[in-house]
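Engineer:
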Amino acid sequence: MGVEKDTIVLLGLNESGAYEAKALREKGNKVIYIGPGSTAGSIKVGKTTYKLKTYKEITAFVKSLGLDSLHEKKAISAFNISNVNIRDELAQLAIVWSETQKTGSGATRFILSAHSMGWSFWGDENGSLTLSGIGKLAASMPKAAGAIEDLHLSACYSGKEKELKKWRKIFPNVHTIWGYTESAPGAHLGATLHMSRWADAIRENRYELNRTIAANTRKGKSVAVWSKRFGYQARPATDINSLKERIRRAESGYIEYFNGTRAVVSPQSGPLRDYYNDIQALTNHPQISVEQIAKHQVKINTIIRLLYFNKSVRKKFSQHHAKLIKAGYEKLSLKAPVFSQLSRKECMKSIDNFLLKYKTKKDKSPEINRLKDELINGLRDLKESHIPYSWIS
2 MGVEKDTIVL LGLNESGAYE AKALREKGNK VIYIGPGSTA GSIKVGKTTY
52 KLKTYKEITA FVKSLGLDSL HEKKAISAFN ISNVNIRDEL AQLAIVWSET
102 QKTGSGATRF ILSAHSMGWS FWGDENGSLT LSGIGKLAAS MPKAAGAIED
152 LHLSACYSGK EKELKKWRKI FPNVHTIWGY TESAPGAHLG ATLHMSRWAD
202 AIRENRYELN RTIAANTRKG KSVAVWSKRF GYQARPATDI NSLKERIRRA
252 ESGYIEYFNG TRAVVSPQSG PLRDYYNDIQ ALTNHPQISV EQIAKHQVKI
302 NTIIRLLYFN KSVRKKFSQH HAKLIKAGYE KLSLKAPVFS QLSRKECMKS
352 IDNFLLKYKT KKDKSPEINR LKDELINGLR DLKESHIPYS WIS
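Just so you know, we're using the working numbering here: the sequence shown kicks off at 2 and counts up by one.
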């Protein structure tokens, strides 16, 4: 017996996705839950375990899906461009979609539940999934992608109009999309209520969705929707000149937070979060260009890591690079700092001291050079290449 049409596939990149799936089932919805596997980046199919870290293993898994050669190549590409730790979830989704690809019928509703900045999605202690990654997987199984009629993005900043247009290309027959222009509610703090209201609404009318169904709920003001009948709905955009002026005035405060002369009290609220929200809003403004969006996305990547610097980034950095920190500082005859216990300001000072001593060192070992790179591009500059999304939680 195949999957019933109105079944929801819930791809949860956090462990809390299981709670969300359970809550939806209790409301009478049929749900296929896909969540973090027991081993990140690996999947067991029957008696075979695929460790999806190499091209050979990825190819072997994809061949087990029964796709034709053209679509096999697209599926392999989807895995190759995706973070290793997210490949187990991607593989589970591929298995579900491959059945629809074979039969021509399957689940029509899809929920993606994750942390997000709008264009990248991740989970706690997990990898990250990009629009490109899921888009390539959808392209490898066009019948499955074409079966999706309703999409719910339970993720922060996922509801920007420009981003929803990208999702509509991935799922060409989609009727409705639900997302958020600012923060989304957590699993235990309103997400399941929003999911249930979405599921009820699309059951009643498959071609329309109105954001007013989220009125008077937690994070309801952040809800943005698109439907074939009503188009895009979100809170009215702020005047672009007012928005730019607000961002300009907050720039000096951002620099203070970055340098550590001002401390982030909460990652969810305060002046730095307001500044972050304004830049996110600017990237969603109808009057902003693609080039400007790309420029602001670089800063968005930095700010989100700065917001979570005290809560998680410094701790993850210390844990991940513990041996390198110890070895690098010893080579310079310096006492290794415990970055997880230092404020942003203290971290910046410690990095400066390291760099001063580094300049005087004639013979620089590989450990010293590697640590210098991690301290500058990671802990100091908070670059995406050095601070993974999974450290932001």
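Idealized CB from N, CA, C, for every residue including glycine.
Distance cutoff 8 Å, beta carbons only. Does residue 318 sit that close to anything in chain C?
Structural biologist: No chain C appears in this structure, which consists of one protein chain only.
Engineer: Just curious, the beta strand (DSSP E) that residue 179 is in, first and last residue?
Structural biologist: Element bounds for residue 179: 177 to 181.
Engineer: On the DSSP bridge assignment, give the partners of residue 50 in chain order.
Structural biologist: The partner list for residue 50 (beta bridge, DSSP) reads 45.
Engineer: Per DSSP, what kind of secondary structure is residue 134 in: helix, strand or coil?
Structural biologist: Correct three-state label for residue 134: helix.
Engineer: Which class does residue 234 belong to by DSSP, given the choice of helix, strand or coil?
Structural biologist: In the structure shown, residue 234 sits in a strand (DSSP, three-state: E or B).
Engineer: Return the residue from the list 78, 204, 207 and 199 that minimises the CA-CA distance to residue 213.
Structural biologist: Of the listed residues, the one whose Cα sits closest to residue 213 is 199.
Engineer: Could you tell me if residue 232 is buried or exposed, where buried requires 16 or more neighbouring beta carbons within 10 angstroms of its beta carbon?
Structural biologist: Residue 232 should be labelled exposed.
Engineer: Below 8 Å on the Cβ atoms is my contact criterion, and I expect residue 165 with residue 227 to pass it. Report the Cβ-Cβ distance as a whole number of Å.
Structural biologist: Confirmed, about 5 Å.
Engineer: Measuring CB to CB, does residue 157 end up less than 8 Å from residue 183?
Structural biologist: For residue 157 and residue 183, yes; Cβs fall inside 8 Å.
Engineer: Which runs of the alpha helix (DSSP H) at least 4 residues long sit entirely within the region 115 to 174? Give them in chain order.
Structural biologist: With a minimum length of 4 residues, the continuous alpha helix (DSSP H) runs that stay inside the region 115 to 174 are 132 to 141, 143 to 148 and 162 to 171.
Engineer: CA-CA distance, residue 35 and residue 305?
Structural biologist: If I take the Cα positions, the gap works out to 27 Å.
Engineer: Which of helix, strand or coil does DSSP assign to residue 63?
Structural biologist: Looking at residue 63 - three-state DSSP - the assignment turns out to be helix.
Engineer: Just to confirm the assignment, what range does the alpha helix (DSSP H) spanning residue 283 have?
Structural biologist: Segment 272 to 284, the alpha helix (DSSP H) holding residue 283.
Engineer: When you compare the region 170 to 181 with the region 206 to 220, are there three or more beta-carbon pairs, one atom per stretch, that lie closer than 8 Å?
Structural biologist: Short answer: they touch.
Engineer: When the Cα atoms are used, what is the spatial distance from residue 325 to residue 382?
Structural biologist: Each residue's alpha carbon lies about 18 Å from the other.
Engineer: How should residue 295 be labelled, buried or exposed, when 16 other C-beta atoms within 10 angstroms of its C-beta is the threshold for buried?
Structural biologist: Exposed, because fewer than 16 other Cβ atoms sit within 10 Å of the Cβ of residue 295.
Engineer: So the candidates are 270, 255 and 269; which of them puts its Cα closest to the Cα of residue 263?
Structural biologist: Nearest of 270, 255 and 269 to residue 263, Cα basis: 255.
Engineer: Identify which residue in 48, 338, 292 and 272 has its Cα closest to the Cα of residue 307.
Structural biologist: That would be 272, whose Cα lies nearest to the Cα of residue 307.
Engineer: Applying the criterion that 16 or more other CB atoms from any shown protein chain within 10 Å of the CB defines a buried residue, is residue 2 buried or exposed?
Structural biologist: Only weak support is given to the placement of residue 2: the predicted model assigns it a pLDDT of 48, under 50, and the value that follows is read from those uncertain coordinates. Flag for residue 2 reads exposed.
Engineer: Going along the chain, which residues of its own chain have a beta-carbon closer than 7 Å to the beta-carbon of residue 310, five neighbours each way excluded?
Structural biologist: Closer than 7 Å at the Cβ level, and outside the excluded window around residue 310, lie 265 and 345.
Engineer: At what residues does the beta strand (DSSP E) containing residue 98 begin and finish?
Structural biologist: Not the beta strand (DSSP E): residue 98 falls in the alpha helix (DSSP H), residues 88 to 104.
Engineer: Kindly identify the DSSP beta-bridge partner or partners of residue 291.
Structural biologist: Residue 291 is not bridged to any residue.
Engineer: Given 8 Å as the limit, is there contact between the region 370 to 381 and the region 323 to 337, that is, 3 or more CB pairs closer than that?
Structural biologist: These segments touch.
Engineer: Three or more beta-carbon pairs under 8 Å between the region 92 to 110 and the region 61 to 80, yes or no?
Structural biologist: Flag = yes, the region 92 to 110 and the region 61 to 80 touch.
Engineer: Would you mind stating whether residue 290 and residue 129 have Cβ atoms separated by less than 8 Å?
Structural biologist: Cβ distance not < 8 Å, so residue 290 and residue 129 don't count as in contact.
Engineer: Per the contact definition of three or more C-beta pairs closer than 8 Å, is the region 76 to 95 in contact with the region 136 to 144?
Structural biologist: Enough Cβ pairs lie closer than 8 Å, so yes.
Engineer: For the candidate residues 348, 56, 150 and 91, whose alpha-carbon lies nearest to that of residue 136?
Structural biologist: The shortest Cα separation from residue 136 among 348, 56, 150 and 91 belongs to 91.
Engineer: Mind checking whether residue 276 and residue 248 have CB atoms under 8 Å apart?
Structural biologist: Contact flag set, yes.
Engineer: Assuming residue 9 and residue 108 are in contact, meaning their beta carbons sit under 8 Å apart, how far apart are those beta carbons, in whole angstroms?
Structural biologist: Yes, residue 9 and residue 108 are in contact; Cβ-Cβ is about 7 Å, under 8 Å.
Engineer: Output needed for residue 193: all residues of its chain with C-beta closer than 8 Å, excluding positions within five of it in sequence on either side, in chain order.
Structural biologist: 20, 21, 24 and 25, listed in sequence order.
Engineer: Report the start-end ranges of each alpha helix (DSSP H) in the region 297 to 385 that is 4 residues or longer and not cut off at the edges.
Structural biologist: Correct list: 315 to 321, 323 to 332, 345 to 361 and 367 to 374.
Engineer: Measure from the alpha carbon of residue 152 to the alpha carbon of each residue in 359, 175 and 37, then state which is nearest.
Structural biologist: Nearest option by C-alpha distance: 175.
Engineer: Which stretch, first to last residue, makes up the alpha helix (DSSP H) that contains residue 227?
Structural biologist: Unbroken run through residue 227 is the beta strand (DSSP E), 224 to 228; no alpha helix (DSSP H).
Engineer: Would you kindly work out how many angstroms separate the C-alpha atoms of residue 31 and residue 322, rounded to a whole number?
Structural biologist: Answer to the nearest angstrom: the Cα atoms are 44 Å apart.
Engineer: Using a 10 Å radius around the Cβ and a threshold of 16 neighbouring Cβ atoms, would you call residue 260 buried or exposed?
Structural biologist: Burial call: exposed.
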